[in-house]
Amino acid sequence: MQKIKFRIRELRKRKGISQRILAEDVGVSFQTVSRWETGLTMPDITMLPILADYFCVSVDILMGLCPMPEEMYKPVNTDKGEYWEARLEFLKATRSYLWNDDYLSFLVRDVWKLSKPVRVLDCGCGFGYLGDKLLKQLPNGSTYTGIDLSKGLIKEAKSYLSGLNKNIRLIQDDFLTCEMNETYDLVICQSVLRHNKKPLDFIKKMAACASVGGLVVCIEANRELECAGIWIDGINYSQLCAGNALRRLWKNEFEKEGRDYAIAMRIPNIMAKIGLRSIGCRLSDRVDYLHTQMPDSDERMNAFFVANGWDKVLTEDMMGRALANLMERGMTREEAMDYCQFQQTVERYVHQQWDIEDLACTTLAGMLVTYGTK
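Residues in the sequence shown are numbered consecutively from 0, following numbering that gives the first Met the number 0.
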């Protein structure tokens, strides 16, 4: 848990006053103020609202439990390669719940009508998951180019795609800023725009890379559907899918970083505005039911735990870091505490039920597949 660390000295200096003036203004001795600032004693509980009001801050800020307003928001930098290199296990776990192969085949064959070899550009290809899925469905002779800003993920993609007897090229670069000299019949991205600070520019660049008559495809999770897309036997569903505090966090991410949690719903309109034609939108039909009594349940349950952050016991130190991270991104301390404590409760419960082989859950990712023709 977070430790109390009063910020009286810092607040006093910001106000430009001496210990003596502060003491006189709040009705204590300057020696008392000195002891507060050195940590020898703490203010009486009745003094907390007086001091908070005096410095025009909340009691949480006064006690060091919440950052100052100017410190409040710290970006997560999900548009950086290093961020995802450290989360390869998470990426692999979440991708395992995105597609039914027959539905992807239906999109390729009956919706996009790709009956001849095509040139594919995968923008933000990651470790190669979508490339692997696509190349197994596309007509023979198709070529695949994947680009990602992460050196580590490109290295992983080379290994992941090495078993395919296909024409594959992988590029380590920032798609938004690099120069692309070729055009492609299918320009696609998956789970990229939600984490990008300039999604409109990204989609425009995708369209610029498409050949005339080519397809631009953006696959993104509807965050609200994803939030509501988990049911666990024995856990209150309304608590599992409650997203009020998360919405505050998402709002801050959008306003301060440009990361749009609702981007999946906006993509069709963006495509229309930049001049793409024949715009359509589908919803992935993948829904998973998991139970500890099912075959291969250990592997699938482990991926489920990793994808939702329930694979590790949440220690007090981890809880403290999680609280700070959530508050730095816009949650109140109470919201962050409630969220972390509930996640801790769920983590303990699912492992308890897994141990006695009596855990059941249903999950869907809510992936929207939006496409348009150049």
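C-beta atoms are modelled at their ideal positions from N, C-alpha and C, and glycine is treated no differently.
None of these values were measured; they are calculated from a predicted model.
Bounding residues of the beta strand (DSSP E) (the contiguous stretch that carries residue i)
| i | result |
| --- | --- |
| G371 | 366-372 |
| C122 | 118-122 |
| C188 | 183-189 |
Residue i in three-state terms, based on DSSP
| i | result |
| --- | --- |
| I355 | coil |
| A85 | coil |
| G319 | helix |
| D337 | helix |
| I16 | coil |
| R168 | strand |
| S95 | coil |
| M0 | Since pLDDT at M0 reaches only 48, below the 50 mark, its modelled position is unreliable, and the value read off the structure follows with that caveat. Coil, per DSSP. |
| L103 | helix |
| T331 | coil |
| V211 | strand |
Neighbour-count burial assignment, residue i, 16 or more Cβ in a 10 Å radius
| i | result |
| --- | --- |
| D109 | exposed |
| L367 | buried |
| C177 | exposed |
| Y82 | exposed |
| V349 | buried |
| T390 | The chain is shown only over 0 to 373; residue 390 falls outside these bounds and no answer can be derived. |
| D147 | buried |
| D284 | exposed |
| G308 | exposed |
| D24 | exposed |
| N195 | buried |
| G60 | Rather than Gly, the amino acid found at residue 60 in this sequence is Ile. Buried is the call here. |
| Y329 | Checking the sequence, you will find Gly at residue 329 rather than Tyr. With 16 or more other Cβ atoms within 10 Å, it is buried. |
Boundaries of the alpha helix (DSSP H) in which residue i is found, first to last residue
| i | result |
| --- | --- |
| V32 | 29-37 |
| V58 | 58-61 |
| I146 | First-last for I146: 142-147, but that is the beta strand (DSSP E), not the alpha helix (DSSP H). |
| I202 | 198-208 |
| D109 | From DSSP, D109 is part of no alpha helix (DSSP H); its letter is neither H nor E. |
| E155 | 150-159 |
| D131 | 128-134 |
| P48 | 47-54 |
| Inside the segment 213-296 only - beta strand (DSSP E) runs reaching at least 3 residues | Those beta strand (DSSP E) runs which fall completely within the segment 213-296 and span 3+ residues are 229-231, 276-282, 286-290.
| message | Does the segment 29-38 come into contact with the segment 51-60, if we say contact requires no fewer than three beta-carbon pairs (one atom in each stretch) closer than 8 Å? | response | Too few Cβ pairs lie closer than 8 Å, so no.
| said: Is it the case that the segment 323-339 contacts the segment 178-185, given that we only count it when at least three CB pairs across the two stretches are under 8 Å? | reply: At 8 Å Cβ cutoff, the stretches do not touch.
| Okay, do the segment 122-135 and the segment 151-163 touch, 3+ Cβ pairs below 8 Å being the bar? | Yes, the segment 122-135 touches the segment 151-163.
| message | Three or more C-beta pairs under 8 Å: does that hold for the segment 283-299 against the segment 201-208? | response | No, because fewer than three Cβ pairs between the segment 283-299 and the segment 201-208 fall closer than 8 Å, the two stretches do not touch.
| Are the segment 274-282 and the segment 248-256 touching by the rule of at least three beta carbon pairs closer than 8 Å? | The segment 274-282 makes no contact with the segment 248-256, as fewer than three CB pairs between them are under 8 Å.
| request: Please confirm if the segment 99-109 is in contact with the segment 132-144, defined as three or more CB-CB distances below 8 Å between the two stretches. | output: Counting C-beta pairs closer than 8 Å gives three or more between the segment 99-109 and the segment 132-144, which meets the contact rule.
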